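Chemist: Here my numbering is used: position 56 in the sequence shown is 63, and no number is missing along the way. Positions of the beta carbon are idealized from the N, C-alpha and C atoms, including for glycine. Remember, predicted model here, so these are calculated numbers, not experimental data. I am attaching a structure below and will ask some questions about it afterwards.
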Amino acid sequence: MAVTAARARKLALSLPDTAEVAHFDRAAFRTPRKIFATLAGDGADLNLMFDLATQEFFCEHAPQALAPHPSGWGKQGATWVDLKRVDEDTLLSALKAAHTLAAPTPKKVKKATVAKKRKR
8 MAVTAARARK LALSLPDTAE VAHFDRAAFR TPRKIFATLA GDGADLNLMF
58 DLATQEFFCE HAPQALAPHP SGWGKQGATW VDLKRVDEDT LLSALKAAHT
108 LAAPTPKKVK KATVAKKRKR
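Put into C-alpha coordinates, the structure is as follows:
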(Lines of atoms letter the chains of each structure in order from A; the text may use other names.)
(Lines give C-alpha, C1' and ligand atoms only; values in the text may rest on other atoms or scores of the structure.)
Protein backbone atom coordinates (compact mmCIF):
# COMPACT_ATOMS: atom_id res chain seq x y z
CA MET A 8 0.00 0.00 0.00
CA ALA A 9 2.83 2.44 0.76
CA VAL A 10 4.76 4.28 -1.93
CA THR A 11 8.43 5.04 -1.31
CA ALA A 12 9.84 8.50 -1.88
CA ALA A 13 12.03 7.09 -4.66
CA ARG A 14 8.98 5.61 -6.40
CA ALA A 15 6.97 8.84 -5.98
CA ARG A 16 9.88 10.76 -7.54
CA LYS A 17 10.06 8.31 -10.44
CA LEU A 18 6.30 8.56 -11.06
CA ALA A 19 6.39 12.37 -11.05
CA LEU A 20 9.37 12.50 -13.40
CA SER A 21 7.67 10.06 -15.80
CA LEU A 22 5.13 12.74 -16.73
CA PRO A 23 5.82 14.78 -19.90
CA ASP A 24 8.00 17.90 -19.66
CA THR A 25 8.56 17.47 -15.91
CA ALA A 26 11.68 18.74 -14.20
CA GLU A 27 12.81 18.37 -10.58
CA VAL A 28 13.95 21.57 -8.86
CA ALA A 29 14.75 22.57 -5.29
CA HIS A 30 11.92 24.26 -3.40
CA PHE A 31 12.87 25.26 0.15
CA ASP A 32 13.40 21.96 2.03
CA ARG A 33 11.46 19.94 -0.55
CA ALA A 34 11.98 18.61 -4.07
CA ALA A 35 9.54 20.24 -6.49
CA PHE A 36 8.24 18.78 -9.73
CA ARG A 37 7.22 21.29 -12.34
CA THR A 38 6.02 21.70 -15.87
CA PRO A 39 7.47 24.58 -17.90
CA ARG A 40 4.59 26.64 -16.46
CA LYS A 41 4.53 25.87 -12.71
CA ILE A 42 5.06 23.46 -9.81
CA PHE A 43 2.50 20.67 -9.51
CA ALA A 44 3.98 18.60 -6.64
CA THR A 45 6.56 18.81 -3.85
CA LEU A 46 8.19 15.90 -2.01
CA ALA A 47 9.29 16.25 1.61
CA GLY A 48 13.01 16.01 2.29
CA ASP A 49 12.41 13.05 4.60
CA GLY A 50 10.26 11.34 1.95
CA ALA A 51 7.23 10.97 4.22
CA ASP A 52 4.75 13.03 2.26
CA LEU A 53 3.98 14.77 -0.99
CA ASN A 54 1.99 17.94 -1.65
CA LEU A 55 -0.07 18.25 -4.83
CA MET A 56 -1.31 21.50 -6.33
CA PHE A 57 -4.94 20.96 -7.33
CA ASP A 58 -7.90 23.20 -7.96
CA LEU A 59 -10.66 22.85 -5.35
CA ALA A 60 -12.83 20.46 -7.39
CA THR A 61 -9.91 18.08 -8.00
CA GLN A 62 -8.88 18.31 -4.35
CA GLU A 63 -12.39 17.38 -3.24
CA PHE A 64 -12.51 14.41 -5.62
CA PHE A 65 -9.21 12.88 -4.47
CA CYS A 66 -9.77 13.58 -0.78
CA GLU A 67 -13.15 11.80 -0.98
CA HIS A 68 -11.65 8.93 -3.01
CA ALA A 69 -8.77 8.25 -0.60
CA PRO A 70 -9.46 10.01 2.73
CA GLN A 71 -6.97 7.77 4.55
CA ALA A 72 -4.12 9.13 2.42
CA LEU A 73 -5.07 12.57 1.05
CA ALA A 74 -6.31 15.71 2.81
CA PRO A 75 -6.36 19.45 2.16
CA HIS A 76 -3.03 20.92 3.27
CA PRO A 77 -3.41 22.32 6.81
CA SER A 78 -2.01 25.72 5.80
CA GLY A 79 -3.87 28.45 3.96
CA TRP A 80 -2.69 26.84 0.74
CA GLY A 81 -5.13 24.01 1.44
CA LYS A 82 -8.01 26.42 0.88
CA GLN A 83 -6.61 27.03 -2.60
CA GLY A 84 -6.32 23.36 -3.55
CA ALA A 85 -2.95 22.30 -2.10
CA THR A 86 -3.34 18.69 -0.98
CA TRP A 87 -1.22 16.64 1.42
CA VAL A 88 -0.50 12.99 0.56
CA ASP A 89 0.70 10.47 3.15
CA LEU A 90 3.04 8.20 1.18
CA LYS A 91 2.72 5.46 3.81
CA ARG A 92 -1.03 5.22 3.20
CA VAL A 93 -1.49 5.92 -0.50
CA ASP A 94 -1.48 3.19 -3.13
CA GLU A 95 0.52 3.63 -6.31
CA ASP A 96 -2.49 3.78 -8.66
CA THR A 97 -4.12 6.57 -6.66
CA LEU A 98 -0.86 8.49 -6.43
CA LEU A 99 -0.19 8.21 -10.16
CA SER A 100 -3.73 9.33 -10.97
CA ALA A 101 -3.39 12.30 -8.59
CA LEU A 102 0.02 13.24 -10.02
CA LYS A 103 -1.42 13.15 -13.55
CA ALA A 104 -4.31 15.39 -12.50
CA ALA A 105 -2.00 17.93 -10.86
CA HIS A 106 0.36 17.79 -13.85
CA THR A 107 -2.52 18.47 -16.25
CA LEU A 108 -3.59 21.50 -14.21
CA ALA A 109 -0.01 22.85 -14.31
CA ALA A 110 0.63 22.17 -17.98
CA PRO A 111 1.10 25.14 -20.29
CA THR A 112 -2.05 26.17 -22.07
CA PRO A 113 -1.77 25.77 -25.82
CA LYS A 114 -1.32 29.02 -27.66
CA LYS A 115 -4.17 30.02 -29.89
CA VAL A 116 -3.34 29.70 -33.53
CA LYS A 117 -4.14 32.81 -35.46
CA LYS A 118 -6.22 32.19 -38.51
CA ALA A 119 -4.49 33.16 -41.69
CA THR A 120 -6.29 35.93 -43.44
CA VAL A 121 -6.77 35.60 -47.13
CA ALA A 122 -6.89 38.77 -49.13
CA LYS A 123 -10.21 39.00 -50.87
CA LYS A 124 -10.29 40.16 -54.45
CA ARG A 125 -12.18 43.35 -54.90
CA LYS A 126 -14.91 43.48 -57.48
CA ARG A 127 -14.51 46.24 -60.06
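Taking C-beta to C-beta, are T97 and A72 nearer than 9 Å?
Modeler: If you number the sequence shown from 1, residue 97 lands on position 90. If you number the sequence shown from 1, residue 72 lands on position 65. Yes, the pair counts as a contact, with Cβ atoms nearer than the cut-off.
Chemist: So who's on the other strand from H106, going by DSSP bridges?
Modeler: For the purposes of this step, residue 106 is identified with residue 99 of the sequence shown, where counting begins at 1. Partner(s): none; H106 has no beta bridge.
Chemist: Note the first and the last residue of the continuous beta strand (DSSP E) segment covering H30.
Modeler: In the sequence shown, the residue the question calls residue 30 occupies position 23. Note, H30: beta strand (DSSP E), 26-30.
Chemist: Per DSSP, what kind of secondary structure is L90 in: helix, strand or coil?
Modeler: Along the sequence shown, one-based indexing puts residue 90 at 83. If DSSP states are grouped into helix, strand and coil, L90 belongs with coil.
Chemist: Whole-angstrom Cβ separation of V88 and L53, contact assumed at under 8 Å?
Modeler: Locating residue 88 in the sequence shown gives position 81, where the first residue counts as 1. Locating residue 53 in the sequence shown gives position 46, where the first residue counts as 1. Between L53 and V88 the Cβ distance is about 4 Å, and since that is below 8 Å, they are a contact.
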